[in-house]
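Engineer:
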Amino acid sequence: MGADTTLGVLNGLKVCMVHPANRDTDAVAGQLAALGCIIQHCWPLTDHCVPQADVVVVRVDCRYRPALLALSQALRKRDVPLIALVNYQDLAALALMLELNPQASMAEPLNPFALAAQLNACVQMTQQLRHLKQELAQSQRRLFLHTKLSRAKLLLMSERHLDEGSAHRLLRSEAMNRRCTLEQVADRIIDNSLNLTRQAG
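Position one of the sequence shown corresponds to residue -14 (the working numbering), numbered consecutively onward.
1) Mind checking Y73: buried by the 16 CB within 10 Å criterion, or exposed?
2) Going by Cα to Cα distance, which pick from A6, L128, A19 is closest to V42?
3) For V3 and K62, I'd like the C-alpha separation in whole angstroms.
4) How would you call R157, buried or exposed, if buried means at least 16 neighbouring beta carbons within 10 angstroms?
5) With contact counted as at least three CB pairs below 8 angstroms, one residue from each stretch, are the region 25 to 34 and the region 98 to 106 in contact?
6) Distance, Cα to Cα, E84 vs P66?
7) Excluding sequence positions up to five away, which residues of its chain have a Cβ less than 8 angstroms from the Cβ of C107?
8) Since K138 contacts H153 with CB under 8 angstroms, what's their CB separation in whole angstroms?
9) In this structure, does DSSP put L70 in helix, strand or coil?
10) Our contact map puts G15 next to G(-3) with C-beta atoms below 8 angstroms; I'd like the distance itself, whole angstroms only.
11) Would you mind reading off the limits of the alpha helix (DSSP H) that contains C107?
12) Since R126 contacts L81 with CB under 8 angstroms, what's their CB separation in whole angstroms?
13) Pick helix, strand or coil for M(-14), following the three-state DSSP scheme.
14) Just the C-alpha distance for A171 and H146, rounded to the nearest angstrom, thanks.
15) Can you have a look at A38 and say buried or exposed, based on whether 16 or more other CB atoms are within 10 angstroms of its CB?
16) Does DSSP put C1 in a helix, in a strand, or in coil?
17) Kindly indicate the opening and closing residues of the beta strand (DSSP E) around V170.
18) In this structure, what does DSSP give as the bridge partners for S158?
19) Would you report the Cα separation of R44 and L60, rounded to the nearest angstrom?
20) Please report the distance separating the alpha-carbon of M(-14) from that of I174.
21) Three-state secondary structure (DSSP) at Q37?
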């Protein structure tokens, strides 16, 4: 991916830095802002801190373990990527980082160019995952509709002694006459069949 594309992804990107303010982080924030990022700061971390950002960069500090886990869970629900900053020589921090299950991790001190690359990768990955989720939801919806129509056709074939083609044409005719969707016609047929079954029982 070229530099122009990377800069385009970063331009306007809301990045929340969950990190104590110091000279290094201020310098990194300034460099990211120069690339077009909109920088927010959130510190100290609390259990109710859920930044409204596109990407969250968090310092892994075991003193804030409950708040970090709560933040990680909240971000996963919103499909917001998390980048963890960790001291790789701190075994407790490494264990906590694994619990957080971030999309990316980086060693401290922060390197602005490495962080920009990670931000770009996280945004690209999140966009791809959202697209895949949308495709999966659409596929599940189509499968659900297909199953419902097939069930309605089987009921018509059984009750009216029709072949599959005739049952399908009848569904379409009913939908046109009632000015509704095939799914609504199928729902009505299935509901009527269930009601008749209950009455017979």
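Even glycine gets a Cβ: it sits at the ideal position worked out from N, Cα and C.
Structural biologist: Looking at the atomic coordinates:
1) Numbered from its first residue, the sequence shown carries residue 73 at position 88. Label assigned to Y73: exposed.
2) As a working mapping, residue 42 is identified with position 57 in the sequence shown. Proximity to V42 across A6, L128, A19 peaks at A6, based on C-alpha coordinates.
3) On the sequence shown, residue 3 is found 18 positions in, with the first residue counted as 1. On the sequence shown, residue 62 is found 77 positions in, with the first residue counted as 1. About 18 angstroms.
4) Against the sequence shown, residue 157 aligns to sequence position 172. With fewer than 16 Cβ atoms within 10 Å of its Cβ, R157 is classed as exposed.
5) No, the region 25 to 34 does not touch the region 98 to 106.
6) Translated into the one-based positions of the sequence shown, residue 84 becomes position 99. Translated into the one-based positions of the sequence shown, residue 66 becomes position 81. CA-to-CA, the gap between E84 and P66 works out to about 15 angstroms.
7) As a working mapping, residue 107 is identified with position 122 in the sequence shown. Closer than 8 angstroms at the Cβ level, and outside the excluded window around C107, lie V40, P66, I68, Q88, A89.
8) Working through the sequence shown from its first residue, we reach residue 138 at position 153. Working through the sequence shown from its first residue, we reach residue 153 at position 168. Taking 8 angstroms as the upper bound for CB-CB distance, K138 and H153 are in contact here, some 6 angstroms apart.
9) To locate residue 70, count along the sequence shown from 1; it is residue 85. Look at L70 here: in three-state DSSP terms it is strand.
10) On the sequence shown, position 30 is the one that residue 15 refers to. On the sequence shown, position 12 is the one that residue -3 refers to. Not a contact, Cβ separation roughly 17 angstroms.
11) Stepping through the sequence shown from its first residue, residue 107 is reached at position 122. From DSSP, the alpha helix (DSSP H) with C107 extends over 97 to 145.
12) Residue mapping note: residue 126 aligns to position 141 of the sequence shown, counting from 1. Residue mapping note: residue 81 aligns to position 96 of the sequence shown, counting from 1. The pair is not a contact, with the Cβ atoms about 39 angstroms apart (cut-off 8 angstroms).
13) Walking along the sequence shown from the start, residue -14 turns up at place 1. With a pLDDT of 47 at M(-14), under the threshold of 50, the modelled position of that residue is not reliable, and the figure given next carries that caveat. DSSP places M(-14) in coil when its eight states are reduced to three.
14) Sequence index remark: in the sequence shown, residue 171 carries index 186 (1-based). Sequence index remark: in the sequence shown, residue 146 carries index 161 (1-based). The straight-line gap from Cα to Cα measures roughly 17 angstroms.
15) Locating residue 38 in the sequence shown gives position 53, where the first residue counts as 1. So A38 ends up on the buried side.
16) The residue labelled residue 1 in the question sits at position 16 within the sequence shown. Note: C1 maps to strand in three-state DSSP.
17) Locating residue 170 in the sequence shown gives position 185, counting from the first residue. Premise fails: V170 lies in the alpha helix (DSSP H), 167 to 185, not in any beta strand (DSSP E).
18) Taking the sequence shown and counting its residues from 1, one reaches residue 158 at position 173. Per DSSP, none; premise fails for S158.
19) Working through the sequence shown from its first residue, we reach residue 44 at position 59. Working through the sequence shown from its first residue, we reach residue 60 at position 75. Distance between the alpha carbons of R44 and L60: 15 angstroms.
20) The residue labelled residue -14 in the question sits at position 1 within the sequence shown. The residue labelled residue 174 in the question sits at position 189 within the sequence shown. Any reading at M(-14) must be qualified, since the residue scores a pLDDT of 47, below 50, and its modelled position is unreliable; the value itself is stated next. Approximately 53 angstroms, taken between the alpha carbons.
21) The count along the sequence shown starts at 1 and reaches residue 37 at position 52. The answer is coil: DSSP assigns Q37 none of H, G, I, E or B.
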